[in-house]
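Chemist: Before anything else, here's the structure in question.
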Amino acid sequence: MERDTIDFPEALRRLAQRAGVELSERTSREDAQRKRLRDVLDGAIAFYHRVLTESHHGQQALDYLRSRGFKDETISTHLLGYSVDSWDTLSRALIEKRNFKLEDLEQAGLVVRRPGRRTGGYDRFRGRIIFPIRDASGNATGLGGRIVGAQQQRQTDGHDQGPKYLNSPQTLLFDKSRTLYLIDRAKSAIRKAGVAVLVEGNTDALMAHQQGFENVVGTLGTALTAAQIELVTRYAPRIAMAYDVDAAGQGAATFGATELSALVGEIERSAHKGRLTDVGVVRLPDGRDPDEVMRDDAATWKTAADNPQPIVEYLIDNFAKRHDPRTLAGREKLVAAVMPTIRRVTNPTQRDGYLQLLARRSGVEERVLLEELKRPEQTGRLVGRSAEAHVGGKINLEAVLSSPDALDPEAVGHLIIPAEASLLRLLLLRPYLRNELAEVDDEADIQFVSTPAREIWTRLRAQPVAGFERQAFVDSLDPTLAGVVRTMFADLEPLPEDEKALHHALDQSLLTLRRNHLDEEIGAKEFDIREAEAAGDRPTADSLLHDVSNLKQRRLDLDRRRHDTTVLSQKRATQTPAAAGATGGNA
183 MERDTIDFPE
193 ALRRLAQRAG
203 VELSERTSRE
213 DAQRKRLRDV
223 LDGAIAFYHR
233 VLTESHHGQQ
243 ALDYLRSRGF
253 KDETISTHLL
263 GYSVDSWDTL
273 SRALIEKRNF
283 KLEDLEQAGL
293 VVRRPGRRTG
303 GYDRFRGRII
313 FPIRDASGNA
323 TGLGGRIVGA
333 QQQRQTDGHD
343 QGPKYLNSPQ
353 TLLFDKSRTL
363 YLIDRAKSAI
373 RKAGVAVLVE
383 GNTDALMAHQ
393 QGFENVVGTL
403 GTALTAAQIE
413 LVTRYAPRIA
423 MAYDVDAAGQ
433 GAATFGATEL
443 SALVGEIERS
453 AHKGRLTDVG
463 VVRLPDGRDP
473 DEVMRDDAAT
483 WKTAADNPQP
493 IVEYLIDNFA
503 KRHDPRTLAG
513 REKLVAAVMP
523 TIRRVTNPTQ
533 RDGYLQLLAR
543 RSGVEERVLL
553 EELKRPEQTG
563 RLVGRSAEAH
573 VGGKINLEAV
583 LSSPDALDPE
593 AVGHLIIPAE
603 ASLLRLLLLR
613 PYLRNELAEV
623 DDEADIQFVS
633 TPAREIWTRL
643 RAQPVAGFER
653 QAFVDSLDPT
663 LAGVVRTMFA
673 DLEPLPEDEK
683 ALHHALDQSL
693 LTLRRNHLDE
703 EIGAKEFDIR
713 EAEAAGDRPT
723 ADSLLHDVSN
733 LKQRRLDLDR
743 RRHDTTVLSQ
753 KRATQTPAAA
763 GATGGNA
């Protein structure tokens with residue numbers, strides 16, 4: 183374990199293989215399954231790489247990578263690829279030419295089962311640049327996919343193509359919270375430098391390695407987790423974080439205000455706290471992303487990466503920019519936002535230094551801050567962990583955003599689509615609206631696309647409407663889902679004031695989800711059409727073409743109705759003749 187810097191199970195498997203010792207039947211089966219899934223992923227990686235480098239289908243993606251400054255050698259070394267914007271290109275190639283089974287592709291996270299079908303599926307990654315993701319030993323565990331160019335994020339018909347960045351789902355091999363991109367190539371450099379530099383995106387990490395900064399790894403677009411801390415501190419005791427300076431990063435004060443605050447708590451609670459001696463933030467010139475600085479100004483990057491700002495100092499500076507300490511309200515907000523983080527610092531010398539810094543930046547006397555620090559935990563709950571903190575009956579944004587496991591709004595946008603977020607937020611903040619959904623036929627009109635949204639809805643549906651406890655609900659979720667829910671509570675966007683507008687917002691979210699589901703159905707039918715045509719089954723193909731035509735007509739009708747009618751009003755109209763007359767009788 184020490185020599186190869188691997189965990190106990192992996193060391194056990196390697197030694198058992200070398201010594202000829204047979205592990206338990208269950209472990210052997212699991213090892214065989216892991217090997218099969220790695221073979222599937224290796225096949226997919228090779229296929230996607232050929233599409234990018236040898237096919238005209240990948241030319242646009244190749245041009246994009248080159249325009250971002252990536253050399254062909256980097257593309258080849260890291261086996262970058264491209265997934266054609268088609269429903270089944272990869273799955274057909276691997277099944278027909280490599281004799282893999284659909285179940286293997288699904289278990290590897292490459293295929294999604296078609297809605298409502300026991301057989302058949304479609305490729306998870308479509309129209310995306312592919313980044314192979316590996317564990318510390320260099321074995322493939324998953325994939326990351328990026329839509330080519332911001333202009334392609336949405337189709338011309340307004341359909342949401344999904345998040346800009348898409349990672350493999352959790353599988354036997356892949357767990358995003360325990361993975362760092364390029365850790366296999368960075369671990370030696372991290373050990374040598376004594377510090378790991380963390381960036382958010384795959385392209386940032388790739389550019390770092392291309393420019394010779396090899397102690398850099400990527401966090402796959404998620405907030406740093408305790409498991410990732412454990413992984414990186416196998417190689418070095420110090421961490422320096424450099425995240426994009428854009429709407430999702432320091433520019434909007436989201437990373438500094440949430441992830442860093444949560445990280446302090448993770449570090450203090452972590453069993454590996456003693457191994458992590460220092461955490462800092464790489465301060466880059468305003469408006470410049472890490473990969474841009476690495477590519478165009480390597481000296482500036484090196485200076486910033488070699489001299490990170492201590493994490494709590496960064497937090498204090500960050501909040502001081504958001505809240506003007508020259509005003510009474512600004513000072514109150516600054517202290518309220520930073521104090522929960524300082525409370526989590528267990529080292530008394532460090533905590534005293536941070537209090538002195540906060541006193542200088544806020545203009546509040548140090549003795550007053552000490553009194554605040556010693557105040558009973560009720561204050562901590564008001565401005566700390568609780569996602570239910572209120573002021574005058576309204577949700578306190580600062581309280582929620584300074585809590586552990588909160589996510590920045592852009593990060594939530596990467597996990598679930600806007601219509602899902604809107605619907606779930608309405609149901610979380612106005613629990614009684616779930617009673618209205620009882621009027622919708624089963625779940626036919628509530629078609630969540632993303633896994634986090636489905637899981638939140640499943641858990642929420644099991645909660646009682648009367649006496650719904652927000653904090654108890656949040657505490658019942660895993661960290662990622664809890665972060666999504668907390669961020670929904672923290673959203674500043676006000677809900678409609680009157681009930682009519684509130685129901686209209688609910689209905690529009692349902693309509694949008696229904697439209698997305700129609701798009702999925704159309705795609706699945708078109709998949710079946712190609713299969714029927716390939717098999718020479720003309721009658722089946724013609725029947726499916728008729729189905730697709732009907733689905734497209736339903737989608738068109740749905741788009742027309744979105745402006746003048748809603749799902750629930752239609753249902754109420756069909757159930758109550760009087761209601762139908764009141765609405766004109768024509769839904």
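Going by my numbering, the sequence shown opens with residue 183, and the numbers climb by one from there. We put the beta carbon where it would ideally sit given N, CA and C, even for glycine.
Could you check how far apart the C-beta atoms of L287 and L276 are, in whole angstroms? I think they sit under 8 Å.
Modeler: The sequence position of residue 287 within the sequence shown is 105, counting from 1. The sequence position of residue 276 within the sequence shown is 94, counting from 1. 6 Å between Cβ atoms; contact.
Chemist: When DSSP labels each residue in this structure, what does Y246 get in the three-state scheme?
Modeler: Your numbering for residue 246 matches position 64 in the sequence shown. Residue state, collapsed to three classes: helix.
Chemist: For R416, which of I188, A481, E278, D689 has the nearest alpha-carbon?
Modeler: Start at 1 with the first residue of the sequence shown, and residue 416 comes out as number 234. Out of I188, A481, E278, D689, I188 has the C-alpha closest to the C-alpha of R416.
Chemist: CB-CB under 7 Å to T694, same chain, minus the five flanking residues each way: which ones, in chain order?
Modeler: Translated into positions along the sequence shown, residue 694 becomes position 512. Closer than 7 Å at the Cβ level, and outside the excluded window around T694, lie A601.
Chemist: Output yes or no for whether 8 Å exceeds the beta carbon distance between V381 and A390.
Modeler: The sequence position of residue 381 within the sequence shown is 199, counting from 1. The sequence position of residue 390 within the sequence shown is 208, counting from 1. Cβ distance < 8 Å, so V381 and A390 count as in contact.
Chemist: Considering only DSSP beta bridges, list what S265 is partnered with.
Modeler: Counted from its first residue, the sequence shown places residue 265 at position 83. S265 is bridged to R310.
Chemist: Return the first residue and the last residue of the beta strand (DSSP E) that Y347 is part of.
Modeler: Position 165 of the sequence shown, counted from the start, is the residue given in the question as residue 347. Element bounds for Y347: 347-349.
Chemist: List the residues that DSSP assigns as beta-bridge partners of V398.
Modeler: Within the sequence shown, residue 398 is the residue found at index 216, counting from 1. BP columns for V398 point to V379.
Chemist: If you compare alpha carbons, which of P345, L466, E703, V517 is closest to R486?
Modeler: Stepping through the sequence shown from its first residue, residue 486 is reached at position 304. In the sequence as displayed, the identity of residue 486 is Ala instead of Arg. Closest by alpha carbon: L466.
Chemist: Which residue marks the beginning of the alpha helix (DSSP H) containing M389, and which one marks its end?
Modeler: For the purposes of this step, residue 389 is taken as the residue at position 207 of the sequence shown. Looking at the DSSP string, the run of the alpha helix (DSSP H) that includes M389 is 384-392.
Chemist: Indicate the three-state DSSP secondary structure (helix, strand or coil) for T509 in the structure shown.
Modeler: Counting from one through the sequence shown, the residue named residue 509 turns up at place 327. Residue state, collapsed to three classes: coil.
Chemist: Can you tell me whether DSSP reads M670 as helix, strand or coil?
Modeler: Counted from its first residue, the sequence shown places residue 670 at position 488. Reduced to three states, the DSSP call for M670 is helix.
Chemist: Using beta carbons (cut-off 8 Å, strictly below), is F356 in contact with chain C?
Modeler: The structure shown contains no chain C; it is built from a single protein chain.
Chemist: Ordered along the chain, which non-local residues of its own chain (more than five positions away) have a Cβ less than 8 Å from that of R185?
Modeler: Translated into the one-based positions of the sequence shown, residue 185 becomes position 3. Excluding residues within five positions, none has a Cβ falling inside 8 Å.
Chemist: Could you tell me which of Y264, R211, L194, Q215 sits nearest to F282, measuring between CA atoms?
Modeler: Taking the sequence shown and counting its residues from 1, the one referred to as residue 282 is at position 100. If we check each option's Cα against that of F282, Q215 comes out closest.
Chemist: If you drop the 5 nearest sequence neighbours on each side, which residues of the same chain put their C-beta closer than 7 Å to that of L272?
Modeler: Locating residue 272 in the sequence shown gives position 90, where the first residue counts as 1. So the qualifying residues of the chain are A226, F229, S265, L292, D305.
Chemist: Are there 16 or more other CB atoms within 10 angstroms of the CB of L738, so buried, or fewer, so exposed?
Modeler: Taking the first residue of the sequence shown as 1, we reach residue 738 at position 556. Classification of L738: exposed, given that the 10 Å Cβ count is below 16.
Chemist: Tell me whether the beta-carbon of L348 lies closer than 8 Å to the beta-carbon of V399.
Modeler: Along the sequence shown, read from residue 1 onward, the residue named residue 348 stands at position 166. Along the sequence shown, read from residue 1 onward, the residue named residue 399 stands at position 217. No, the Cβ-Cβ distance between L348 and V399 is not below 8 Å.
Chemist: Within the continuous beta strand (DSSP E) that includes A322, where are the two ends?
Modeler: Working through the sequence shown from its first residue, we reach residue 322 at position 140. If you look at A322, you'll find it in the beta strand (DSSP E) that goes 322-329.
Chemist: Taking only the alpha-carbon atoms, compute the straight-line gap between A502 and S544 and give it to the nearest angstrom.
Modeler: The residue labelled residue 502 in the question sits at position 320 within the sequence shown. The residue labelled residue 544 in the question sits at position 362 within the sequence shown. Cα to Cα, the separation comes out at about 7 Å.
Chemist: Looking only at its own chain, which residues have a Cβ that is under 7 Å from the Cβ of P637, when we skip the five neighbours before and after it?
Modeler: For the purposes of this step, residue 637 is taken as the residue at position 455 of the sequence shown. Here residue 637 turns out to be Glu, not Pro, going by the sequence shown. Hits under 7 Å: L663.
Chemist: Judging by CA-CA distance, which residue of D224, E702, E715 is the nearest neighbour of F630?
Modeler: In the sequence shown, residue 630 corresponds to position 448, counting from 1. F630 has its Cα closest to that of E702, out of D224, E702, E715.
Chemist: How is the alpha helix (DSSP H) around Y536 delimited, first residue to last?
Modeler: Position 354 of the sequence shown, counting from 1, holds the residue named residue 536. First-last of the alpha helix (DSSP H) with Y536: 530-544.
Chemist: Please classify Y425: is it buried, with 16 or more other beta-carbons within 10 angstroms of its beta-carbon, or exposed?
Modeler: By one-based count along the sequence shown, residue 425 stands at place 243. By the 10 Å Cβ count, Y425 comes out buried.
Chemist: Can the beta-carbon of A318 be found less than 8 Å from the beta-carbon of K374?
Modeler: Position 136 of the sequence shown, counted from the start, is the residue given in the question as residue 318. Position 192 of the sequence shown, counted from the start, is the residue given in the question as residue 374. Not closer than 8 Å, so no.
Chemist: Is DSSP giving G705 helix, strand or coil here?
Modeler: Translated into positions along the sequence shown, residue 705 becomes position 523. Correct three-state label for G705: helix.
Chemist: For the beta strand (DSSP E) containing M476, list its first residue and its last residue.
Modeler: Counting from 1 along the sequence shown, the entry for residue 476 is found at position 294. No beta strand (DSSP E) contains M476, which is instead part of the alpha helix (DSSP H) from 472-478.
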